[in-house]
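One structure is given below, encoded as structure tokens.
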Amino acid sequence: MFNEIWPLISVVLGIVILLVLIIGFKLNTFISLIITSMITALMLGIPLTKIMETIEKGMGSTLGHIALIFGLGAILGKLLADGGGATRIADTLIQKFGQKHVQWAMLVAAFIVGIALFFEVGLVLLIPLVFTVAKRANVSVLKLGLPMVTALSVTHGFLPPHPGPVVIAKELKANVGDVLLYGMIIAIPVTLIAGPIFNKVAQKMIPSAYTREGDISALGAQKEFTDQEMPGFGMSLLTATLPVILMLVSTITQLVTGHDKPTNLFESIIYMIGTAGTAMLIAVLFAIVTMGLMRKRKMNHIMESVTNAIYPIGMMLL
1 MFNEIWPLIS
11 VVLGIVILLV
21 LIIGFKLNTF
31 ISLIITSMIT
41 ALMLGIPLTK
51 IMETIEKGMG
61 STLGHIALIF
71 GLGAILGKLL
81 ADGGGATRIA
91 DTLIQKFGQK
101 HVQWAMLVAA
111 FIVGIALFFE
121 VGLVLLIPLV
131 FTVAKRANVS
141 VLKLGLPMVT
151 ALSVTHGFLP
161 PHPGPVVIAK
171 ELKANVGDVL
181 LYGMIIAIPV
191 TLIAGPIFNK
201 VAQKMIPSAY
211 TREGDISALG
221 AQKEFTDQEM
231 PGFGMSLLTA
241 TLPVILMLVS
251 TITQLVTGHD
261 KPTNLFESII
271 YMIGTAGTAM
281 LIAVLFAIVT
291 MGLMRKRKMN
301 HIMESVTNAI
311 YPIGMMLL
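Take a look at the structure:
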């Protein structure tokens with residue numbers, strides 16, 4: 001009986017060791033993972049000479065699938081931010097919703113932007129907007145900031161091409177399109193509950209928190225776009241959601257036809273376009289045009305955005 005549950009106990013102990021190394025000893029996450037993997041391997045009885053080989057194979061098989069999606073996802077987000085598309089989406093939604101429903105505008109804007117942008121990028125991009133809009137609308141920064149952070153967190157946690165959902169899909173051998181579809185079903189109500197609905201509860205429980213002011217000097221200088229510098233709302237929205245659209249089209253086609261594998265050329269093309277890597281590549285190429293060339297940006301400047309997008313994800317991949 002003990003031998004049957006020992007693997008599970010080993011994994012739990014491994015997680016505890018990992019948390020102690022990261023939180024207690026403040027050790028780098030990558031180094032902590034390697035040490036924890038070696039200790040867990042010892043507990044599971046893997047021969048000493050095979051431990052590092054096993055770790056290398058595990059890292060290689062995982063990185064081979066997710067590195068492409070991570071990289072392309074980061075590039076798409078950076079192109080959208082540097083091209084003014086993310087700012088256009090947020091500004092337009094705030095104008096359309098009006099001052100009375102400004103927190104809903106921020107929620108929707110963050111949800112859309114969060115599909116394409118990593119959490120950190122979306123946060124840095126939208127925080128200045130939260131402070132600006134809060135001042136214009138004469139509302140609490142927290143009232144707008146909470147829905148914004150909620151939407152970014154939920155999209156980052158539930159929806160591909162973000163790291164967590166992609167890794168889980170890989171490990172469970174799940175279709176990324178299915179993960180995206182079910183992720184949407186969960187993400188929307190969670191965002192509503194943890195955002196605007198919780199906002200009302202928190203405002204009654206801790207009213208003092210909604211009267212505090214702050215500043216964003218820690219974020220450094222933020223680029224401000226003129227109306228002429230930003231692309232149109234429709235084009236910005238299409239660029240941000242294109243990978244989602246392509247993956248959903250593929251998933252819906254599979255559901256309608258009932259074919260897990262393509263049976264003709266049309267299905268082969270749809271299924272190929274709907275794979276996460278292909279969908280992200282198409283979206284990046286589309287963004288180079290819509291957020292770069294169409295905005296009269298020089299190709300070397302566009303490629304600077306592409307290069308700068310890769311730097312932050314290096315440690316994340318490891």
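Using the UniProt record's numbering, the letters of the sequence shown correspond one by one to residues 1 to 318.
Every residue gets a Cβ at the ideal spot worked out from N, C-alpha and C, and that includes glycine.
Notebook entry, point to check: So Asn-199 and Lys-143 are in contact, right, with Cβ under 8 angstroms, and what is the actual spacing, rounded?
Noted result: 6 angstroms
Next item on the list: Flag this pair as touching only if the stretch 235-247 and the stretch 276-283 have three or more C-beta atom pairs under 8 angstroms; answer yes or no.
Entry: yes
Next item on the list: Identify which residue in Ala-67, Phe-286, Phe-225 has its Cα closest to the Cα of Gly-84.
Entry: Phe-225
Check: Would DSSP call residue 400 helix, strand or coil?
Finding: Here the chain comprises residues numbered 1 to 318, so residue 400 is not present and cannot be evaluated.
Next item on the list: Taking only the alpha-carbon atoms, compute the straight-line gap between Leu-181 and Gly-77 and give it to the nearest angstrom.
Entry: 21 angstroms
Next item on the list: Please look up how many angstroms separate the CB atoms of Leu-159 and Ile-89, rounded, as I've assumed it's under 8 angstroms.
Entry: With a Cβ gap of about 16 angstroms, Leu-159 and Ile-89 do not count as contacting.
Next item on the list: Please report the residue range of the alpha helix (DSSP H) in which Met-184 lies.
Entry: 176-192
Check: Roughly how many angstroms separate the alpha carbons of Pro-165 and Pro-207, rounded to a whole number?
Finding: 35 angstroms
Checklist line | Beta-carbon spacing of Ile-75, Ala-240 below 9 angstroms | finding: no
Margin query: For Asn-4 and Ile-31, what's the separation of their Cα atoms in angstroms?
Written below: Note on identity: in this sequence residue 4 is Glu, with Asn being the wrong assignment. Taking the straight line joining both Cα atoms gives about 30 angstroms.
Item checked: DSSP state of Thr-257 mapped onto helix, strand, coil -> helix
Checklist line | As assigned by DSSP and simplified to three states, the class of Met-230 | finding: coil
Item checked: Beta-carbon proximity of Gly-274 to Gly-177, cut-off 9 angstroms -> yes
Notebook entry, point to check: How long is the line joining the alpha carbons of Gly-14 and Phe-119, rounded to whole angstroms?
Noted result: 27 angstroms
Check: Among Leu-68, Ile-127, Ile-69, which has the Cα closest to the Cα of Asp-91?
Finding: Ile-127
Next item on the list: Could you tell me whether the Cβ atoms of Ala-194 and Val-139 are closer together than 9 angstroms?
Entry: no
Check: Leaving out the 5 sequence neighbours to the left and right, which residues in its chain are closer than 7 angstroms to Leu-129 when beta-carbon positions are compared?
Finding: Ala-90
Next item on the list: Indicate whether at least one CB of chain D lies closer than 9 angstroms to the CB of Ile-188.
Entry: Structure shown: chain D not included; a single protein chain is present.
Margin query: So, with DSSP's three-state summary, where would you put Pro-196?
Written below: helix
Next item on the list: Just the C-alpha distance for Gln-228 and Leu-18, rounded to the nearest angstrom, thanks.
Entry: 50 angstroms
Check: CB-CB under 6 angstroms to Ile-270, same chain, minus the five flanking residues each way: which ones, in chain order?
Finding: Ser-250, Thr-253
Item checked: Proximal residues to Thr-191 (C-beta, below 7 angstroms), its chain only, five neighbours per side dropped -> Leu-107, Phe-111, Thr-150, Ala-151, Val-154
Checklist line | Given Leu-146 as reference, the closest of Leu-21, Ile-197, Val-256 once Cα atoms are compared | finding: Ile-197
Check: Alpha carbon to alpha carbon, how far is Glu-267 from Leu-255?
Finding: 12 angstroms
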